[in-house]
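The structure appears below as structure tokens.
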Amino acid sequence: MSGGNRHSKSRQSSPRELAMDVLTQVEQEGAYSNLLLNSAIQKSRLEKNDAGLATELVYGTISRLNTLDYYLDKSVNKGIGKLQPWVRALLRLSLYQIVYLDRIPDHAVVSEAVNLAKRRGHQGISGMVNGVLRNMLRQKDSLVIQGDMPAAARISLLHSHPEWLVERWISQYGVETAEAICAANNEPPAVSIRVNTTMISREHMLIELNDNGLDAQPSPLSPYGIVVKGAGNMALTDWYRDGMISIQDESSMLVAEAVAPKPGMKVLDCCAAPGGKTTHMAELMNDDGHIVANDIHAHKGKLITDQALRLGLNSVQVVTGDAMQLGLQYEPASFDRILLDAPCSGLGVIRRKPDLKWGKTPQDIKEIAALQLQLLESVSRLLRPGGILIYSTCTIEPQENEGVVTAFLDSHSDYGIAEDGLGTLGRLAERSLVRAGGIQILPQHYHSDGFYIARLRKHNP
């Protein structure tokens with residue numbers, strides 16, 4: 269058994285030890301950091317503040333991974349890649365605290381790291397950890413990224429993104445915008461909630477939140493959204509339990525608005541889990557109509573059912589299956605509105621899922637764009653003439669966004685961009701980008717998730 273696993277089950281982990289264990293598992297098993305971290309915190313007996321520190325250390329270390337390794341490689345004999353995974357994780361999270369966190373004294377960081385190394389390893393390892401971190405402290409003022417590097421290399425190290433991805437964004441958006449994207453991806457995501465307008469107006473919800481001592485402001489992006497600061501987990505509140513609010517990113521709230529479903533309509537949500545956009549559409553329809561919410565996984569379908577029940581919505585019917593096969597279940601031209609919130613690379617939500625940027629490849633983007641086009645072609649047959657089909661993704665990758673929409677329209681003469689273009693989302697055109705008739709929101713535009721939304725209309729014969 270490696271030293272990284274040898275510790276007492278009865279002893280309570282410190283936040284740094286918990287973070288080290290999660291980071292080690294993420295690297296060794298390719299597991300999702302959010303799932304591992306949530307599970308580890310639930311099993312631990314950490315106080316709220318300590319759980320917050322563990323969360324900061326895990327996400328922060330993953331976010332800044334290649335910058336930390338760039339600095340550490342200069343101080344670790346034979347390079348950081350030769351170390352045991354748990355030692356590598358310990359050095360990374362310790363240096364993250366030294367470079368990026370002001371509230372923890374440097375000597376406390378080093379002392380805790382050395383103690384952890386002693387408990388998990390042997391004297392040689394703790395001595396090495398002590399030596400490396402003290403060396404980093406001595407040269408702390410010189411831990412900077414030089415400005416004379418080529419643009420992609422400088423941005424990659426300064427803002428911790430894979431260089432191939434930075435190069436790609438520079439070619440697509442230019443140097444300045446590419447750097448702004450990377451900087452925004454390292455910002456902590458805001459907590460935003462969507463008001464269930466079948467129960468309460470946004471104005472009354474704002475009053476209620478602020479009357480209860482919360483700092484709540486209307487979303488500048490969505491007329492249904494509220495940004496709440498310093499509130500903790502809103503899913504633990506009575507407002508959430510009673511169905512008055514949902515937790516959803518502001519950009520994501522725009523999708524149902526773009527669908528613009530009316531009461532009495534028949535709507536298809538092709539890839540619906542976990543149900544945020546589905547239930548938002550039901551709310552906009554005042555729960556009057558029929559929404560078919562499909563997902564390929566049964567356990568994810570249950571998430572949609574649970575959300576609808578919590579929100580008191582009866583118009584949602586959950587079905588399970590491959591979206592490519594929906595044409596076998598439903599007659600052509602049988603829906604008034606279709607939402608294809610397509611599976612994508614997720615490169616617009618790096619703020620929330622920092623692991624994403626390290627795991628993707630150019631080939632992944634190419635393959636998923638091909639799948640997106642196949643899905644769009646397949647489900648488009650189910651829309652009635654005159655109906656609206658929304659194509660949306662949570663990525664900023666043009667190949668998956670305007671590339672897919674353009675390829676689809678080029679080969680489907682019965683479809684075009686909706687006559688009213690972006691519809692009510694036209695209000696965002698000045699600050700965002702308009703691509704192939706759709707809106708591309710980048711993370712820095714509104715400090716929200718990166719999203720692409722296009723509104724397509726099927727022509728009347």
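Residues are numbered in the numbering used here as their position in the sequence shown, beginning at 1, plus a constant of 268. All residues carry an ideal CB built from backbone N, CA and C; glycine is no exception. In this text, all values refer to a predicted model and were calculated from it rather than measured experimentally.
Selected residue, minimal CA-CA separation from residue i, among the options
i      : options                        : result
Leu384 : Thr465, Ser394, Arg699         : Ser394
Ser519 : Leu641, Ser646, Asp479, Ile494 : Ile494
Arg284 : Ile372, Arg332, Glu297, Glu295 : Ile372
Thr466 : Ser583, Leu489, Ile618, Gln310 : Ser583
Asn595 : Gly580, Cys538, Pro353, Tyr364 : The sequence as given places Gly at residue 595; Asn does not occur at that position. For the residues Gly580, Cys538, Pro353, Tyr364, the minimum Cα distance to Gly595 belongs to Cys538.
Leu577 : Val397, Thr692, Val377, Arg509 : Arg509
Ala499 : Val459, Tyr492, Thr661, Glu471 : Val459
Pro600 : Thr547, Arg462, Ser716, Lys726 : Lys726
Arg462 : Leu641, Asn317, Val496         : Val496
Leu351 : Gly694, Val397, Trp626         : Val397
Ala528 : Glu447, Ile658, Ile309, Asp318 : Ile658
Gln407 : Gln593, Ile366, Val355, Glu324 : Ile366
Tyr327 : Pro630, Leu641, Arg620, Ile685 : Arg620
Ala526 : His548, Met512, Gly511         : His548
Ile707 : Thr573, His680, Leu489         : Leu489
Met502 : Tyr492, Ala420, Leu482, Val378 : Leu482
His375 : Gly392, Gln391, Arg402         : Arg402
Ser379 : Ile330, Gly399, Asp370         : Gly399
Ala319 : Ser281, Pro729, Trp626         : Ser281
Leu677 : Thr445, Val434, Leu724         : Leu724
Gln575 : Thr588, Gln391, Gly511         : Gly511
Thr445 : Ala419, Leu314, Pro630, Gln296 : Ala419
His680 : Ala697, Ser660, Arg649, Thr692 : Arg649
Pro457 : Val443, Ser331, Leu369         : Ser331
Residues sharing a beta bridge with residue i, DSSP
i      : result
Arg470 : In DSSP, Arg470 forms no bridge with anything.
Arg436 : None, per the DSSP bridge assignment.
Val495 : Ser460, Gln485
Gln708 : Leu701, Tyr720
Gly684 : Arg725
Thr445 : DSSP, once it has assigned bridges, lists no residue as partnering Thr445.
Thr661 : Tyr720
Ser514 : Arg462
Leu651 : Phe603
Ile656 : Arg605, Arg725
Other residues of its chain near residue i: CB distance less than 8 Å, five sequence neighbours each side excluded
i      : result
Gln293 : Ala299, Leu304
Ile449 : Trp437, Tyr441, Ile664, Leu710, Pro711, Gln712, Gly718
Ser439 : none
Gln642 : Met592
Leu624 : Ser613, Gly614, Leu615, Val617, Ile618
Arg274 : Unreliable positioning characterises Arg274 in this predicted model, as indicated by a pLDDT of 42, which lies under 50. A coordinate reading is not provided.
Ser278 : Any reading at Ser278 must be qualified, since the residue scores a pLDDT of 43, below 50, and its modelled position is unreliable; the value itself is stated next. For Ser278, where only same-chain residues beyond five positions count, there are no Cβ hits under 8 Å.
Cβ-based neighbour list, residue i, same chain, cut-off 7 Å, excluding 5 preceding and 5 following
i      : result
Leu425 : Asn334, Thr335, Tyr338, Ile413
Gly544 : Ser514, Gln516, Ser520
Gly272 : With a pLDDT of 45 at Gly272, under the threshold of 50, the modelled position of that residue is not reliable, and the figure given next carries that caveat. Excluding residues within five positions, the ones whose Cβ falls inside 7 Å are Thr292, Gln352, Pro353, Trp354, Arg388.
Asn554 : Thr466, Pro531
Met269 : In this predicted model, Met269 has a pLDDT of only 34, less than 50, meaning its place in the structure is not dependable; the value taken from the coordinates is given anyway. Hits under 7 Å: none found.
Gly349 : none
His567 : none
Glu645 : Phe676
Gln433 : Just to set this straight, residue 433 is Leu in the shown sequence, not Gln. Excluding positions up to five away in sequence, the list reads Lys625.
Thr733 : Summary: the structure shown does not reach residue 733, with the chain confined to residues 269 through 729, and so no result is reported for it.
Same chain, Cβ closer than 6 Å to residue i, neighbours up to 5 away in sequence not counted
i      : result
Ser276 : Any reading at Ser276 must be qualified, since the residue scores a pLDDT of 40, below 50, and its modelled position is unreliable; no value is offered.
Asp563 : Ala540, Ala541, Gly569
Glu447 : Ile423
Ala550 : Ile559, Leu581, Ser583, Val584
Asp590 : Ile564
Tyr714 : Leu489
Ile633 : Ser613, Glu665, Gln667
Residue i at chain B interface by Cβ criterion, 8 Å
i      : result
Asp574 : Absence of chain B from the displayed structure is noted, only one protein chain being present.
Proximity test, residue i beta-carbon vs the ligand GTP heavy atom, cut-off 7 Å
i      : result
Thr588 : This structure lacks the ligand GTP, and indeed carries no ligand of any kind.
Quiz item: What are the uninterrupted segments assigned as beta strand (DSSP E) that are 3 or more residues long and contained completely in the region 524 to 610, given in chain order?
Solution: Runs found: 534 to 537, 558 to 563, 584 to 588, 603 to 609.
Exercise. Count the C-beta pairs between the region 343 to 359 and the region 299 to 306 that are closer than 8 Å, then say yes if the count reaches three, no if not.
Key: no
Quiz item: Which full runs of the alpha helix (DSSP H) of 4+ residues lie inside the region 276 to 345, going along the chain?
Solution: 283 to 297, 301 to 311, 316 to 331, 333 to 341
Quiz item: Looking at C-beta atoms only, is the number of pairs between the region 630 to 642 and the region 687 to 704 that lie closer than 8 Å three or more?
Solution: no
Quiz item: Using 8 Å as the threshold, is the region 451 to 467 in touch with the region 357 to 377, meaning 3 or more CB pairs across them?
Solution: no
Quiz item: When the Cβ atoms of the region 613 to 621 are set against those of the region 652 to 668, are three or more pairs found closer than 8 Å?
Solution: yes
Exercise. Starting from the N-terminal side, write out each stretch of the alpha helix (DSSP H) that is 4 residues or longer and does not extend beyond the region 375 to 407.
Key: 391 to 406
Quiz prompt | Sufficient close CB pairs (3 or more, under 8 Å) joining the region 602 to 611 to the region 526 to 538 | solution = yes
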